[in-house]
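Here the structure is laid out as structure tokens; the discussion comes afterwards.
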Amino acid sequence: MGCVKGLRARGNVTVNICWEEGELQDAMLWSNKRNSVTRLHYGEWVTTVRVRCGMVYKFNRGLQCSEAWPLGK
Numbered sequence: 001m002g003c004v005k006g007l008r009a010r011g012n013v014t015v016n017i018c019w020e021e022g023e024l025q026d027a028m029l030w031s032n033k034r035n036s037v038t039r040l041h042y043g044e045w046v047t048t049v050r051v052r053c054g055m056v057y058k059f060n061r062g063l064q065c066s067e068a069w070p071l072g073k
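Following this line, the structure appears as structure tokens:
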């Protein structure tokens, strides 16, 4: 199992990624400066995500948003 935290992506989005046995477990995205639109890629899945400023979004291995909450909560 492993994680990387605080990666910066295009559109001023911050990303945390966790995996286990080489497979994505979850990814969290947020922006604390502005709204952004970004694309997530994992394996054969691609999805477009609207990231609202001040919100955290958690995605599962199928790139489906499983949770969202205000930043800092």
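In this text, residue positions in the sequence shown follow full-length UniProt numbering: the first is 1, and each later residue adds one.
No residue lacks a Cβ here, since even glycine has one placed at the ideal position from N, Cα and C.
As the structure is a computational prediction, the values presented were derived from the model and not from experiment.
{"Check": "Straight-line Cα distance separating residue 68 from residue 54", "Outcome": "11 Å"}
{"Check": "Cα-Cα separation between residue 70 and residue 32, rounded to whole angstroms", "Outcome": "10 Å"}
{"Check": "Residue 29 beta carbon less than 8 Å from that of residue 4", "Outcome": "no"}
{"Check": "Best match in 18, 58, 12 and 16 for proximity to residue 37 [C-alpha to C-alpha]", "Outcome": "12"}
{"Check": "Nearest-angstrom Cα separation, counted from residue 16 out to residue 7", "Outcome": "7 Å"}
{"Check": "Residue 28 - containing beta strand (DSSP E), residue span", "Outcome": "23-30"}
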